[in-house]
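>
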Amino acid sequence: MGFMNDRDSYMEMKYFTREETNEVVVILQTLKGEAYPLTKGIVRCDFFKASVAKDTDYGYENLEFFNFNMGGNFPHKLMNMVIGSSIAKEIP
0 MGFMNDRDSY MEMKYFTREE TNEVVVILQT LKGEAYPLTK GIVRCDFFKA
50 SVAKDTDYGY ENLEFFNFNM GGNFPHKLMN MVIGSSIAKE IP
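Numbering that gives the first Met the number 0 numbers the first residue of the sequence shown as 0 and each following residue consecutively.
(1) Would DSSP call residue 71 helix, strand or coil?
(2) DSSP three-state label for residue 53, please.
(3) Are residue 21 and residue 53 touching if we call contact CB-CB under 8 Å?
(4) Would you mind working out which of 66, 16 and 10 sits nearest residue 32, comparing C-alpha positions?
(5) To the nearest angstrom, how far is the alpha carbon of residue 36 from that of residue 59?
(6) Name, in chain order, the residues that DSSP records as bridge partners for residue 42.
(7) What's the call for residue 43, buried or exposed, on a 16-neighbour Cβ count within 10 Å?
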């Protein structure tokens, strides 16, 4: 995971279209189990994100649920960088 060399995550993405409503559903989640063993000294991040997107008369709508667990202690300096960059993206 780029700037964090003591964390890892194996991910999968599934997507499908609901036939009856024409909504697109996207699910991203961490893969777990014996097929994805942990390396000594590495912390496994746990990630889940589900999105439902559709076109409406008023434009594009997206409903999203997101959970990201870093799996333990997270350095404050790095957390400040992440928060600062996300706030900068929100402010026009």
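The C-beta atom is built at its ideal place from N, Cα and C for all residues, glycine as well.
So, from the listed chains and residues:
(1) Note: residue 71 maps to coil in three-state DSSP.
(2) Three-state DSSP puts residue 53 in a strand.
(3) For residue 21 and residue 53, yes; Cβs fall inside 8 Å.
(4) Residue 10 is the option with its Cα nearest to residue 32.
(5) Each residue's CA atom was taken as its position, placing residue 36 and residue 59 some 40 Å apart.
(6) Looking at the DSSP assignment, residue 42 forms a beta bridge with 6.
(7) Buried.
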